[in-house]
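In the UniProt record's numbering, the protein residues as written are 1 to 208.
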């Protein structure tokens, strides 16, 4: 089944109000509180951890992998997923309206703690909500500084794509993501009302 694009609504909110965060980076390593965090592309051995993350975040209506994994064919589906991730990164066989994008998993001591999804360019829809970067942290790893480090490293990847200003969006009622984006030098442009009534804060981050 095709991947889902809706990733920003609940990317940084746990069900009890805890907060976390939702291109070709191949091993940028963090510093400080999240100093062991590394972003890298998906690998064959990641399947079980990704399926676990997918299940954990389902209650938040957040699709961790941006893909569906039928239990009856998990192994075959995972191979298809890795192939799709690579095609998305290179812009190969994209569906109409889609843009090249890179999926990166965030690891700390061998554990996948979150993921960063980077769009290489913006469509009118992504300009409204979604932006260049979507990110999510697994519930068990929130409030540890990983969200900020993931966004910081993700912005480095965006910069290497030649993008000078990065758009990052979040729900207006999500103080955790607001703090993360502003900590990474996000400047609020405006707040927009979506069709479902959700208020979206739109930030630009200067990468020049």
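Heads up, the beta-carbon is just placed ideally off N, CA and C, and yes, glycines get one too.
Exercise for the section: Name, in chain order, the residues that DSSP records as bridge partners for residue 194. Expected result: Answer is none; residue 194 lacks a bridge partner.
Handout entry: Neighbourhood of residue 155 by C-beta distance below 8 Å, restricted to the same chain and skipping five residues each side
Key = 133, 166, 184, 205 and 207
Practice task
May I have a chain-ordered list of the beta strand (DSSP E) segments no shorter than 3 residues that lie completely inside the stretch 120–180?
Solution key: 133–137 and 165–171
Handout entry: Nearest candidate by alpha-carbon position, reference residue 198, set 108, 63 and 170
Key = 170
Practice task
Pick helix, strand or coil for residue 185, following the three-state DSSP scheme.
Solution key: coil
Handout entry: 8 Å contact criterion, which residue 136 and residue 69 should meet: CB distance rounded
Key = About 16 Å; that fails the 8 Å criterion.
Practice task
Pick out whichever of 61, 99 and 91 has its Cα sitting closest to the Cα of residue 125.
Solution key: 99
Exercise for the section: Can you tell me which of the three DSSP states residue 204 falls into? Expected result: strand
Exercise for the section: Starting from residue 111, follow its DSSP beta bridges and name the residues at the other end. Expected result: 108
Practice task
Report buried or exposed for residue 30, applying the criterion of at least 16 other Cβ atoms within 10 angstroms of its Cβ.
Solution key: Only weak support exists for where residue 30 lies, its pLDDT of 44 falling under 50; the value from the coordinates is given anyway. Residue 30 is buried by the Cβ-count criterion.
Practice task
Output the distance between the C-alpha atoms of residue 121 and residue 91, rounded to the nearest integer angstrom.
Solution key: 11 Å
Handout entry: Beta carbon of residue 101 nearer than 8 Å to that of residue 118
Key = yes
Practice task
Compare the beta carbon distance of residue 57 and residue 146 with 8 Å and say whether it is the shorter of the two.
Solution key: no
Handout entry: Selection from 141, 174, 153 and 182 that minimises the alpha carbon distance to residue 104
Key = 153
Exercise for the section: Tell me whether residue 177 is buried or exposed, calling it buried when 16 or more other Cβ atoms sit within 10 Å of its Cβ. Expected result: buried
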